[in-house]
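Numbering follows full-length UniProt numbering, with no gaps: position 110 of the sequence shown is 110. Using N, Cα and C, we set each Cβ at its ideal position, and we do this for glycine too. Note that the structure is a prediction, hence the values are computed from the model and not measured. Notes to accompany the following structure.
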Amino acid sequence: MPARFELHGIAFSGPTYKVGLMLTLAGEPFDYVHVNMMAGEHKQAAHMARQRYGQVPLLVDRSNGRHLCQSAAILEYLADMTGRFGGATLDERLQAREWLYWDFDRLASQIYRARTIKLGIRPAHPEVYEAHVAGGNAALKVLDQHLTGRSWVVGESATIADIDLYGVVAYAGEAGIDLAPYAQIAPWMARVEALPGFKGPRDLLPMESREAA
Ligand SMILES: N[C@@H](CCC(=O)N[C@@H](CS)C(=O)NCC(=O)O)C(=O)O
């Protein structure tokens, strides 16, 4: 039987990794479809018919034909569908959602952009890069302070907030941002990495399409 979920993305994409990480931690096998962004596949009609923003990731739920965009919205959907990582209470769910919004406002926007500049994917002036690094550090400080005395971002167990934020912080090194000043972040990352089914970005997303095992 084909896998329920089909994830479209590209291996270097942090938002695609977040969705893949959620699927693997939830124990959901998924078919992976490599989108050749270098060839502009993400802007072609076939992709845009299902991903209105012309981006990756795109998640297809074959059980009901839904096409889902925006990694944070996809994480919420998967939490609903799988009953995993959604938070133990309504308050936890709402707090997790706050962190998802905060992430793309303050953390991902800085770390992902610093990374694309550092890797030469999107060249920019050094002062633009430094501004993203400064913004990323400011956000990491907020996260680090929040994690003081806590194991998880929300509640007493891992939620989509941890998965979402991990899927950004994991790229800090490639962005040229040192995590050493943030005492709480390394132990929190180790807790995420110890979750059953965890895979890092390089192990999770191949450079070519792959059917679920
Ligand atoms: N907020 C979106 C961001 C997705 C995003 O920026 N994807 C990049 C690849 S990492 C992309 O598709 N870029 C091409 C474009 O925006 O045209 C999400 O979380 O899904």
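In the structure shown, residue 191 adopts helical secondary structure according to DSSP, grouped into three states. Its chain contains 72 as the residues whose beta carbon lies nearer than 8 Å to that of residue 104, once the 5 sequence neighbours on both sides are disregarded; these appear in chain order. It is roughly 15 Å from the alpha-carbon of residue 57 to the alpha-carbon of residue 163.
Excluding its 5 nearest sequence neighbours in each direction, residue 210 has C-beta neighbours in its own chain below 6 Å: 32, listed in chain order.
The three-state reading of DSSP puts residue 9 in strand, counting E and B together. Per DSSP, reduced to three states, the secondary structure at residue 32 is strand. It is roughly 20 Å from the alpha-carbon of residue 138 to the alpha-carbon of residue 14. At least one heavy atom of ligand 1 is found less than 7 Å from the C-beta of residue 57.
At a threshold of 7 Å, residue 126 does not count as near ligand 1, since its beta carbon sits no closer than that to any of the ligand's heavy atoms. In terms of CA proximity to residue 181, 136 leads the group 136, 35 and 113. Per the DSSP secondary-structure output, residue 61 pairs in a beta bridge with 5 and 66.
By the beta-carbon neighbour count (other beta carbons within 10 angstroms, threshold 16), residue 68 is buried. The beta carbons of residue 207 and residue 3 sit no closer together than 8 Å.
Taken in chain order, the unbroken stretches of alpha helix (DSSP H) that lie wholly in the region 87-170 and span 4 residues or more are 90-102, 108-118, 126-147 and 160-169. The closest heavy atom of ligand 1 lies 7 Å or more from the beta carbon of residue 172. By alpha-carbon distance to residue 165, the top candidate from 151, 197 and 102 is 102. In the DSSP assignment, residue 182 falls outside any alpha helix (DSSP H), carrying neither H nor E. Close CB contacts of residue 74 within its chain, under the 7 Å cut and outside five residues either way in sequence, are with 19, 57, 59 and 68 (chain order). Inclusion of residue 176 and residue 118 in the CB contact set at 8 Å is warranted, their separation being smaller than that value. Within 7 Å of the C-beta of residue 13 there is at least one heavy atom belonging to ligand 1. Residue 100 sits close to residue 160, with the two beta carbons spaced by under 8 Å.
Taking a C-beta distance under 8 Å as the contact criterion, residue 80 and residue 5 do not qualify as a contact pair. With respect to residue 23, residue 78 sits close: the two C-beta atoms are nearer than 8 Å.
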